[in-house]
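In the working numbering, the protein residues as written are 80 to 418. Even glycine gets a Cβ: it sits at the ideal position worked out from N, Cα and C. Computed from a predicted structure; not experimentally measured. Below is one structure; the comments refer to it alone.
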Amino acid sequence: MVLQFKEAEKRIHDMLVFPAFNLSVEEGQVIALHSSVNVREQLIALLLGNMKLSQGEIRINGGNPGRNQDIGFLFLQTGLYERLTIEETLQFTKRLHSSTESIQAILQAVHLEEKRKVKIRQLSYSETKRVQFACLLVQNPTVYLLEEPDQNLDLESKRIYLSLLQQLRHSGKAVLLLTGNLESAITAADKVFKLDDSGLLPVQMETNGDLEESSEAEKEIELSQPVRFEKIPTKVNEKIVLFNPPEIEYIESNDGQSYLHIKGESFPSVFTLAELEERLLPFGFFRCHRSYIVNLQKVREVITWTRNSYSLVLEDAQKSTIPLSKSKMAELKEMLGIK
80 MVLQFKEAEK RIHDMLVFPA FNLSVEEGQV IALHSSVNVR EQLIALLLGN MKLSQGEIRI
140 NGGNPGRNQD IGFLFLQTGL YERLTIEETL QFTKRLHSST ESIQAILQAV HLEEKRKVKI
200 RQLSYSETKR VQFACLLVQN PTVYLLEEPD QNLDLESKRI YLSLLQQLRH SGKAVLLLTG
260 NLESAITAAD KVFKLDDSGL LPVQMETNGD LEESSEAEKE IELSQPVRFE KIPTKVNEKI
320 VLFNPPEIEY IESNDGQSYL HIKGESFPSV FTLAELEERL LPFGFFRCHR SYIVNLQKVR
380 EVITWTRNSY SLVLEDAQKS TIPLSKSKMA ELKEMLGIK
């Protein structure tokens, strides 16, 4: 067990941040913790050794956090020296950690070889984040702690990021993602957990059994569901608000509660995701993932990140991205008449 939380609990005065939980991140594994900013900041402080647990312990390769070279951090804020070039930044990092890693190979891995002489201040935000990841690769720790690693990244950088995660898996690294974005967690991680003051809860990911059940259920819906016109009710401040199906961009299930996403806002639904799937199938909605239903009329682009990782980009103002599972990709292609 490379990174281990044992009965880890944190309180601040009388406020419970998170109750005691157990979690292990093994070699070659990418685990995501979906949490609030407050929980995320507390976890980072604990792993840095800047704060202590109220009870329990955290072990990194059998040792304690704090000045532990076995763990490397990718923070939301880059903290790079803007006057240095990319190459100078990596050379400085290499000396700092007495690393033997090849800077040339790492520049190629983050696709910045041609910009090695460019100063940090002249880079785009996404390129700067790739330099930050490159510094972590130079350090070459056993455990990688990534804080909101793909937040605001352009598509090229997100593809590179997911490819780097795959390389870390193959090289036996243990990766812990901390994010408030469920789609990001599902797309990148092997397992996803939610951590809050209720404790550590697994976010259900699709299995072959789940997919077979879903497929059978969809067949039953197709056979029994007549075309009908209806509005979908939601609750807003104790009021019932009705939405026409075409208004809905996508639906997300979180902790058993379904949320309708409409023009950048989310509204809690009175129906479960399965019930909404049944009601909305005649209106061109598609169950793209265990936790998501999408209005296909709102989809602008289908993105392939890796061989087994896909997302749908919507045409809303936020250009929202939602996960598309591998089996659903095949089903979507069939629906669209693509071979």
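For this session: Give the secondary structure of P144 by DSSP, where H, G and I count as helix, E and B as strand, and everything else as coil.
Result: The sequence position of residue 144 within the sequence shown is 65, counting from 1. Coil.
Problem set entry | Ranges of the beta strand (DSSP E) found wholly within the region 113-189, counting only runs of at least 3 | Listed in chain order, they are 134-139, 150-153.
Problem set entry | Which of helix, strand or coil DSSP assigns to V217 | Against the sequence shown, residue 217 aligns to sequence position 138. DSSP places V217 in helix when its eight states are reduced to three.
Exercise. Using DSSP with H/G/I as helix, E/B as strand and the rest coil, what is F350?
Worked result: As a first step, residue 350 must be located in the sequence shown, where it is residue number 271. F350 falls in the coil class under three-state DSSP.
Problem set entry | Closest residue to Q121 among A87, H368, V189, L321 (Cα-Cα distance) | As a first step, residue 121 must be located in the sequence shown, where it is residue number 42. Among A87, H368, V189, L321, the Cα nearest to that of Q121 belongs to A87.
For this session: Let me know the secondary structure DSSP gives I265 once reduced to three states.
Result: Against the sequence shown, residue 265 aligns to sequence position 186. Residue state, collapsed to three classes: helix.
Exercise. What whole-angstrom Cβ distance do I165 and V197 have, given they're in contact under 8 Å?
Worked result: To locate residue 165, count along the sequence shown from 1; it is residue 86. To locate residue 197, count along the sequence shown from 1; it is residue 118. Confirmed, about 6 Å.
For this session: Work out the CA separation of I110 and M130 for me, nearest whole Å.
Result: As a working mapping, residue 130 is identified with position 51 in the sequence shown. As a working mapping, residue 110 is identified with position 31 in the sequence shown. Their Cα atoms are separated by approximately 22 Å.
Problem set entry | N219 versus Q246, L234, K237, Y204, residue with shortest Cα-Cα distance | Taking the sequence shown and counting its residues from 1, one reaches residue 219 at position 140. The candidate whose alpha carbon is nearest that of N219 is Q246.
Problem set entry | Whole alpha helix (DSSP H) elements within the region 306-384, 4-residue minimum | 352-359
Problem set entry | Distance CB(S345)-CB(L355) smaller than 9 Å | Residue numbering aside, residue 345 sits at position 266 when the sequence shown is read from its first letter. Residue numbering aside, residue 355 sits at position 276 when the sequence shown is read from its first letter. Cβ atoms of S345 and L355: not closer than 9 Å.
Problem set entry | Beta-carbon proximity check, T266 vs S388, cutoff 9 Å | Here residue 266 refers to the residue found at position 187 of the sequence shown. Here residue 388 refers to the residue found at position 309 of the sequence shown. The answer is yes: Cβ separation under 9 Å.
For this session: Grab the span of the alpha helix (DSSP H) containing K407 for me, first residue to last.
Result: Residue 407 sits at position 328 when you count from the first residue of the sequence shown. Element bounds for K407: 405-415.
Exercise. Could you check where the beta strand (DSSP E) with I91 kicks off and where it finishes?
Worked result: Indexing the sequence shown from 1 puts residue 91 at position 12. First-last of the beta strand (DSSP E) with I91: 82-91.
For this session: In the DSSP assignment, find the unbroken alpha helix (DSSP H) run with K237 in it and report its ends.
Result: On the sequence shown, residue 237 is found 158 positions in, with the first residue counted as 1. It spans 234-249 - the alpha helix (DSSP H) in which K237 sits, taken as one unbroken run.
Exercise. Does the Cβ-Cβ distance between L153 and F84 come in under 9 Å?
Worked result: If you number the sequence shown from 1, residue 153 lands on position 74. If you number the sequence shown from 1, residue 84 lands on position 5. It is not a contact, given that the beta carbons lie outside the stated cut-off.
For this session: Starting from the C-beta of V306, find all residues in its chain whose C-beta is less than 7 Å away, skip the five residues before and the five after it, and write them out in chain order.
Result: Taking the first residue of the sequence shown as 1, we reach residue 306 at position 227. Only weak support is given to the placement of V306: the predicted model assigns it a pLDDT of 48, under 50, and the value that follows is read from those uncertain coordinates. For V306, where only same-chain residues beyond five positions count, the Cβ hits under 7 Å are P361.
For this session: Tell me, please, whether the region 238-255 touches the region 171-180 by the rule of three or more beta-carbon pairs shorter than 8 Å.
Result: no
For this session: Determine, using beta carbons only, whether N374 and E309 come nearer to each other than 9 Å.
Result: Numbered from 1 along the sequence shown, position 295 holds the residue referred to as residue 374. Numbered from 1 along the sequence shown, position 230 holds the residue referred to as residue 309. No, Cβ-Cβ distance for N374 and E309 is not below 9 Å.
Exercise. Who are the Cβ neighbours of K173 in its own chain at under 8 Å, not counting the five residues just before and after it?
Worked result: The count along the sequence shown starts at 1 and reaches residue 173 at position 94. Correct list, in chain order: E180, I182, V217.
Exercise. Using the C-alpha atoms, what's the distance from R195 back to P312?
Worked result: In the sequence shown, counting from the first residue as 1, residue 312 sits at position 233. In the sequence shown, counting from the first residue as 1, residue 195 sits at position 116. Answer to the nearest angstrom: the Cα atoms are 54 Å apart.
Exercise. By Cβ distance below 6 Å, which residues in the same chain neighbour F365 in space, the five residues on each side in sequence not counted?
Worked result: Indexing the sequence shown from 1 puts residue 365 at position 286. Correct list, in chain order: V373, L375.
Problem set entry | F350 versus R138 - alpha carbon distance | The residue given as residue 350 occupies position 271 in the sequence shown. The residue given as residue 138 occupies position 59 in the sequence shown. Approximately 42 Å, taken between the alpha carbons.
Exercise. Nearest-angstrom Cα distance between E105 and L255?
Worked result: Here residue 105 corresponds to residue number 26 of the sequence shown, with the count starting at 1. Here residue 255 corresponds to residue number 176 of the sequence shown, with the count starting at 1. E105 and L255: Cα-Cα distance of roughly 10 Å.
For this session: Can you give me the Cβ contacts of G363 inside the same chain, cut-off strictly under 7 Å, excluding the 5 residues immediately before and after it?
Result: As a position in the sequence shown, residue 363 is number 284, starting the count at 1. Excluding residues within five positions, the ones whose Cβ falls inside 7 Å are N374, L375, Q376.
Exercise. If V81 and A264 are in contact, beta carbons under 8 Å, what's the gap, nearest whole angstrom?
Worked result: Within the sequence shown, numbered from 1, the residue matching residue 81 stands at position 2. Within the sequence shown, numbered from 1, the residue matching residue 264 stands at position 185. About 20 Å separates the two Cβ atoms, so there is no contact after all.
For this session: Starting from the Cα of K405, find the closest Cα among Q397, C367, G416 and give me that residue.
Result: Within the sequence shown, the letter at position 326 stands for residue 405. For K405, the nearest C-alpha among the options comes from C367.
Problem set entry | Beta-carbon gap between L403 and S390 smaller than 9 Å | Numbered from its first residue, the sequence shown carries residue 403 at position 324. Numbered from its first residue, the sequence shown carries residue 390 at position 311. Taking 9 Å as the Cβ cut-off, L403 and S390 qualify as a contacting pair.
Problem set entry | Residue nearest to T400 in terms of C-alpha spacing, selected from R386, G343, R146, N316 | If you number the sequence shown from 1, residue 400 lands on position 321. Among R386, G343, R146, N316, the Cα nearest to that of T400 belongs to G343.
Exercise. Where do the ends of the beta strand (DSSP E) carrying L391 lie?
Worked result: Mapped onto the sequence shown, residue 391 falls at position 312. Looking at the DSSP string, the run of the beta strand (DSSP E) that includes L391 is 388-393.
Exercise. Quick one: what does DSSP say K270 is sitting in, helix, strand or coil?
Worked result: Along the sequence shown, read from residue 1 onward, the residue named residue 270 stands at position 191. Looking at K270 - three-state DSSP - the assignment turns out to be strand.
Exercise. Applying the criterion that 16 or more other CB atoms from any shown protein chain within 10 Å of the CB defines a buried residue, is R146 buried or exposed?
Worked result: For this step, residue 146 is matched to residue 67 along the sequence shown. Label assigned to R146: exposed.
Exercise. Among R386, A353, V320, E227, which residue has its Cα nearest to the Cα of Y371?
Worked result: Translated into the one-based positions of the sequence shown, residue 371 becomes position 292. When each option's Cα is compared against that of Y371, the closest is A353.
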